[in-house]
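>
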Amino acid sequence: MLFNSLQFILFFIIVTISYWYLPGKYRWGLLLGASCYFYMAFVPVYILILGFTIVIDYFAGIYLEKIDPRYKKLFLIISLVSNIGILAVFKYYNFINYNIDFIFKQFDSETPFAFLKILLPIGLSFHTFQAMSYTIEVYRGTYKAEKHFGIYALYVMFYPQLVAGPIERPQNVLWQFHLHNTYDFENMKSGLMQMAFGMFKKVVIADRLAILVDDVYSAPGQKNGLTVIVAVVFYSFQIYCDFSGYSDIGIGAARTMGYKLMDNFNSPYLSKSISEFWSRWHISLSTWFRDYLYIPLGGNRVTTLRWYFNLMIVFLISGLWHGASWAFIIWGGLHGIYNIVGIIKNRWLKKRGYFQQNLVLYKVTNILFTFILVTIAWIFFRSPNMSTVQTVFKQVFNFTFKDRIDSVMNNTEIIFSLLLIFFLLLKEKYIAVVETTKTNRFYFWFITTIVCCYLFGVFSNNQFIYFQF
7 MLFNSLQFIL
17 FFIIVTISYW
27 YLPGKYRWGL
37 LLGASCYFYM
47 AFVPVYILIL
57 GFTIVIDYFA
67 GIYLEKIDPR
77 YKKLFLIISL
87 VSNIGILAVF
97 KYYNFINYNI
107 DFIFKQFDSE
117 TPFAFLKILL
127 PIGLSFHTFQ
137 AMSYTIEVYR
147 GTYKAEKHFG
157 IYALYVMFYP
167 QLVAGPIERP
177 QNVLWQFHLH
187 NTYDFENMKS
197 GLMQMAFGMF
207 KKVVIADRLA
217 ILVDDVYSAP
227 GQKNGLTVIV
237 AVVFYSFQIY
247 CDFSGYSDIG
257 IGAARTMGYK
267 LMDNFNSPYL
277 SKSISEFWSR
287 WHISLSTWFR
297 DYLYIPLGGN
307 RVTTLRWYFN
317 LMIVFLISGL
327 WHGASWAFII
337 WGGLHGIYNI
347 VGIIKNRWLK
357 KRGYFQQNLV
367 LYKVTNILFT
377 FILVTIAWIF
387 FRSPNMSTVQ
397 TVFKQVFNFT
407 FKDRIDSVMN
417 NTEIIFSLLL
427 IFFLLLKEKY
437 IAVVETTKTN
447 RFYFWFITTI
457 VCCYLFGVFS
467 NNQFIYFQF
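In short: position in the sequence shown from 1, add 6, done, that's the numbering used here.
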């Protein structure tokens, strides 16, 4: 069920009203049933896979808390293997097999392993990581095992963040499902406002930019340099508005029922460095890798070379988490290199006393340079294959000042798109959150945002980009 659909709007209204009319002790059942329906609206049979991992992790958590410490690691491994194993089969089996087949073909042979014709369960990487965080925290002794099976299942399946995050931790959200929330009009207003602006980012900005982006990436060799450059820049804002729009809708929907989910974005394109970008972009994933991979590897509390190695491992695995292709791995590797070069540069500047971060020009230059680096990396993320990557870079370097934008979007649409991007950046710089405590102001901004979505939205039911992960 897509957030940008009439079906979801009706679903949200029915579930939210029902939630507040039900006694507190029955609400978890309503939300679990609604979440199951929400997930089954995509591919119903795949709820069996989700159910299998929920059962494994639920009992693993209980045994991790009770078992002899000598055997705790065994139950943790069983839980992690079951989660990673399902992810590996559905997401990475064919990728690994393609690479094996490539090697075999060098010797005029073919892979002995059959390719699987299976559809990747939607949001598999997200709820897999969320489930893994639970068993890891129980193993570490930082969170008590959840005894209520239904509550634990709801923690994994909570519909606002089930298929594209934020990737939550048990200590942040699981305990909230035991609360009997009381209706709070302030939560309702702020939640609805966040949902409305999330929808605006998706249907008005992201899906509009997608018109040009999809046109160019479908045949980049047929477009001139300027058109390709514009598409590359537009994609940076498309993926941001698409993904952060989803997060806003999910976080807002949870807040209308009194639940607080973690923020997933914090104006990432205003970052002055790549490391700052990753503290602002997909925060739930970057902190997941920090806490469960980077720090266990030693983080920065090791030798310099080992520190760089740890960073590269984290970003390469992050790239692989996003998708089973070399383009995603290169995307992750680029960000690893960016971070390492940034560390080396900062050390060099500090030694020579060139650090002047308070200068406005210095800040603006770093923001622009960081955006350019991130945008270059997005080319690998968006391209369906490495051939497309090569063609995009070739056309970018063929740019001349005589070029004119050649796209399905007319000049008026392109100018409107640029104004929307400018508006987005201004809002994030000066109005991070729309103030809703004054009810009249809330009604004005909420209705205005909804009307803008209706008048200027692109309603093609485009799936959210991060649903594929």
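We put the beta carbon where it would ideally sit given N, CA and C, even for glycine.
All of these numbers come straight from a predicted model, not from anything done at the bench.
(1) DSSP three-state call for L267: helix, strand or coil?
(2) Taking the alpha helix (DSSP H) that R214 falls in, what are its first and last residues?
(3) Just the C-alpha distance for N178 and Q396, rounded to the nearest angstrom, thanks.
(4) So, under 8 Å CB-CB, I102 and F135 are touching, yes? Tell me the CB distance rounded to an integer number of Å.
(5) Rounded to the nearest angstrom, what separates F65 and Y265 at their Cα positions?
(6) Here's a check: name, in chain order, each residue in its chain whose Cβ is nearer than 7 Å to the Cβ of K78, leaving out the five neighbours to either side.
(7) Report buried or exposed for F120, applying the criterion of at least 16 other Cβ atoms within 10 angstroms of its Cβ.
(8) Can you check whether the CB of A225 is closer than 8 Å to the CB of F18?
(9) From the DSSP output, in three-state form, read off F58 for me.
(10) If we ignore side chains and look at the alpha-carbon of each, how far apart do W384 and Y223 end up?
(11) Check whether the stretch 205-219 touches the stretch 179-196, taking contact to mean three or more Cβ pairs, one atom from each stretch, closer than 8 Å.
(12) Would T445 pass as a contact of T262 if the rule is Cβ separation under 8 Å?
(13) For P75, name the three-state secondary structure that DSSP assigns.
(14) Can you look up V209 in the DSSP assignment and give me helix, strand or coil?
(15) Measuring only the C-alpha atoms, how far is N10 from V457?
(16) Quick check on this structure: which residue in G39, L311 and Y298 has the alpha carbon closest to the alpha carbon of V320?
(17) With C-beta atoms as the reference, is Y52 less than 8 Å away from P166?
(18) Please say whether A212 and Q244 have beta carbons closer to each other than 8 Å?
(19) Contact defined as beta carbons within less than 8 Å: I believe S281 pairs with G348. What is the distance between those atoms, to the nearest angstrom?
If we stick to the structure as given:
(1) coil
(2) D213 to S224
(3) 43 Å
(4) So it is not a contact: roughly 20 Å between Cβ atoms.
(5) 26 Å
(6) L70 and Y145
(7) A quick correction: the sequence has Ala, not Phe, at residue 120. Under this definition A120 is an exposed residue.
(8) no
(9) helix
(10) 12 Å
(11) no
(12) no
(13) helix
(14) helix
(15) 15 Å
(16) Y298
(17) no
(18) yes
(19) 6 Å
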